[in-house]
Amino acid sequence: TAAAAAAPAAHLFFRPSPTRVARPKDAVELLWLSRSSPPRCCGSGGRSSSSSVPVREREGCGGGGGLGVSSPDLVDREYADLKLKEKLGHLGHVRIRQHVNPLSSALSVPVPVPDWKEVFRDPTLPLMVDVGSGSGRFLIWLAKNSPEPKNYLGLEIRQKLVKRAQFWVQDLSLRNIYFLFANATVSFDQLVTAYPGPLVLVSILCPDPHFKKKHHKRRVVQKPIVDSISKNLSPGGQVVERA
Numbered sequence: 008t009a010a011a012a013a014a015p016a017a018h019l020f021f022r023p024s025p026t027r028v029a030r031p032k033d034a035v036e037l038l039w040l041s042r043s044s045p046p047r048c049c050g051s052g053g054r055s056s057s058s059s060v061p062v063r064e065r066e067g068c069g070g071g072g073g074l075g076v077s078s079p080d081l082v083d084r085e086y087a088d089l090k091l092k093e094k095l096g097h098l099g100h101v102r103i104r105q106h107v108n109p110l111s112s113a114l115s116v117p118v119p120v121p122d123w124k125e126v127f128r129d130p131t132l133p134l135m136v137d138v139g140s141g142s143g144r145f146l147i148w149l150a151k152n153s154p155e156p157k158n159y160l161g162l163e164i165r166q167k168l169v170k171r172a173q174f175w176v177q178d179l180s181l182r183n184i185y186f187l188f189a190n191a192t193v194s195f196d197q198l199v200t201a202y203p204g205p206l207v208l209v210s211i212l213c214p215d216p217h218f219k220k221k222h223h224k225r226r227v228v229q230k231p232i233v234d235s236i237s238k239n240l241s242p243g244g245q246v247v248e249r250a
C-alpha cells in the first residue's frame with residue numbers, strides 16, 4: 008500500500024481466512040506482531056482461545072460483490088462479551104450514514120488537540136490509531152483485551168458514531184481509549200505529533216475506495232496522512248491497511 012511504502016519501518020501482515028461465513032469473500036486474518044495470539048480482522052468464523060479478536064464490522068467491507076455481513080445480529084454476537092447492546096442509554100439506535108463529505112468546510116479544518124492527560128490515564132504509553140473507527144467496537148475490544156499496555160485513538164468522520172462510542176467507553180470506565188470526531192486526512196498529523204508517547208500502530212481498515220477518478224480526492228489515504236505516518240511512526244511500528 009502507499010502508506011506502507013512510505014513508511015519503511017511499518018509492516019503489513021495478512022493471511023487468507025481458512026473458512027468463509029457471512030462476511031467478505033476476500034476475508035483475511037490479520038497477524039499482529041505481539042506477544043499475544045494473532046487477532047482477526049474480518050477473519051474466520053468461530054472464536055477460539057488462540058485467535059479471538061472479533062469480526063471488524065464495517066459496512067461495505069470487502070467491496071462490491073462480497074458476501075458482506077448479512078445478519079443484523081452478527082456484530083452483536085461477535086462483541087457479546089462487551090455487553091454494549093444494552094448500554095445505549097439515551098442515545099438509542101444510531102443509524103450509520105454511509106457517505107459523509109470529507110471536503111466540507113467543517114471537516115477541512117484540523118480538530119483541536121485534546122489534553123492527553125485528561126483523555127488517557129497514562130499518555131506516555133504506546134499509541135494505536137484507528138483511522139475510520141466506525142462504530143468503535145473493534146477498538147474497544149482491543150482496549151479491553153490487549154495483553155500489552157497501549158492507548159487507543161479512534162478517528163471517525165461520522166459524529167453520531169463517535170458520540171455512541173464515547174458513551175460506551177465511559178460506561179465501561181476505560182481510560183486507555185478515546186474517540187474523536189475528525190477528518191483523519193486533515194487532523195492526523197497534529198494529533199499524533201502532539202501525543203507524548205510513541206506511535207506504534209496505525210490501522211486503516213476497509214476505507215471507501217472511491218473508484219471513480221473524480222472522487223479520488225475523497226479517499227482517506229492521501230499524501231498528507233501517508234507522509235505523517237512515515238514521519239511519526241516509531242521504529243518497528245506497524246501499518247495495517249485492508250481495502
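Residue 23 in our numbering sits at position 16 of the sequence shown; the count goes up by one each step and never skips. Ideal Cβ placement from N, Cα and C applies to all residues, glycine included.
Between the CA atoms of residue j and residue i - distance to the nearest angstrom
i	j	result
Asn158	Val176	13 Å
Ser194	Val116	8 Å
Arg128	Pro119	20 Å
Leu240	Pro130	16 Å
Gly143	Arg249	17 Å
Leu181	Leu206	20 Å
Val228	Met135	17 Å
Ser171	Asp83	Residue 171 is actually Arg in this sequence, not Ser. In a straight line, the C-alpha of Arg171 is about 15 Å away from that of Asp83.
Lys238	Asp196	9 Å
Asp230	Pro214	It should be pointed out that residue 230 corresponds to Lys in this sequence rather than to Asp. Cα-Cα distance, rounded: 15 Å.
Glu125	Val199	16 Å
Asp80	Asp137	24 Å
Pro121	Gln166	16 Å
Asn183	Gly141	18 Å
Ser56	Leu179	Because the pLDDT of Ser56 is 35, which lies under 50, any placement of that residue in the model is unreliable, and the question is left without a value.
Asp234	Pro242	15 Å
C-beta atoms of residue i and residue j nearer than 8 Å
i	j	result
Trp148	Tyr202	no
Ala191	Gly139	yes
Ser155	Phe186	Looking at the sequence itself, residue 155 is Glu, so the reference to Ser does not match. The answer is no: Cβ separation not under 8 Å.
Ile236	Val246	yes
Phe188	Val169	yes
Gly204	Leu132	yes
Residues that DSSP places opposite residue i in a beta bridge
i	result
Gly249	In the sequence as presented, Gly is not what sits at residue 249; that position holds Arg. Bridge partners of Arg249: Leu212.
Val126	BP columns for Val126 are empty, so no partner.
Leu240	Leu206
Leu137	It is worth fixing the name first, because residue 137 is Asp in this sequence and not Leu. Answer is Gly161, Ser210, bridged to Asp137.
Can you check the stretch 150-237 for any alpha helix (DSSP H) of at least 4 residues that lies completely inside it and give the ranges in chain order? 166-178, 191-201
For the stretch 165-184 against the stretch 197-213, are there 3 or more C-beta pairs whose distance is under 8 Å? no
Counting beta carbon pairs with one atom in the stretch 135-154 and one in the stretch 81-90, are three or more of them shorter than 8 Å? yes
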